[in-house]
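Numbering (our numbering), first residue to last: 3 to 148.
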């Protein structure tokens, strides 16, 4: 790759990283993980996008979004997962309904005590509070991209 192209890509990466960090600072109800970040889209929805800070994590974020879109399409009626209502092919963006935060008590009562139901899910989930939420009065998994 030519030197000018590399420098242009590096400048572009820095601009995106700056935009993401500023956006996250402006919206306290956002989240950022290792591979994806979540931004509010009004009061009813959230947007999940891959993090642009690291190439490997970006690719894993794309993969996580693709997994969630596919799992949601085929398993939303079978397992308690937050549906993906819109997505851009390739995993560049997922839109999901905004779930309310789950309490530690709800996590214990609804997830840990009923682990039999959750462990049989055909999707990878990690039992931690950030990965669950309350949507329409029921506890759902909000992060199941793997």
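Note that the Cβ used here is the ideal one computed from N, Cα and C, for glycine as well.
Buried or exposed (CB count within 10 angstroms, at least 16 for buried), residue i
i, result
"residue 37", "buried"
"residue 8", "exposed"
"residue 12", "exposed"
"residue 93", "buried"
"residue 83", "buried"
Residues bridged to residue i [DSSP beta-bridge criterion]
i, result
"residue 102", "136"
"residue 129", "Its beta-bridge partners do not exist; DSSP assigns none."
"residue 95", "90"
"residue 33", "40"
CA-to-CA distance, residue j to residue i, given in whole angstroms
i, j, result
"residue 39", "residue 51", "6 Å"
"residue 47", "residue 100", "5 Å"
"residue 144", "residue 54", "21 Å"
"residue 17", "residue 23", "10 Å"
"residue 15", "residue 21", "10 Å"
C-beta contact flag for residue i and residue j at 8 Å
i, j, result
"residue 146", "residue 129", "no"
"residue 103", "residue 139", "no"
"residue 58", "residue 49", "no"
"residue 69", "residue 148", "yes"
Inside the segment 43–69 only - beta strand (DSSP E) runs reaching at least 3 residues: The qualifying runs are 47–52.
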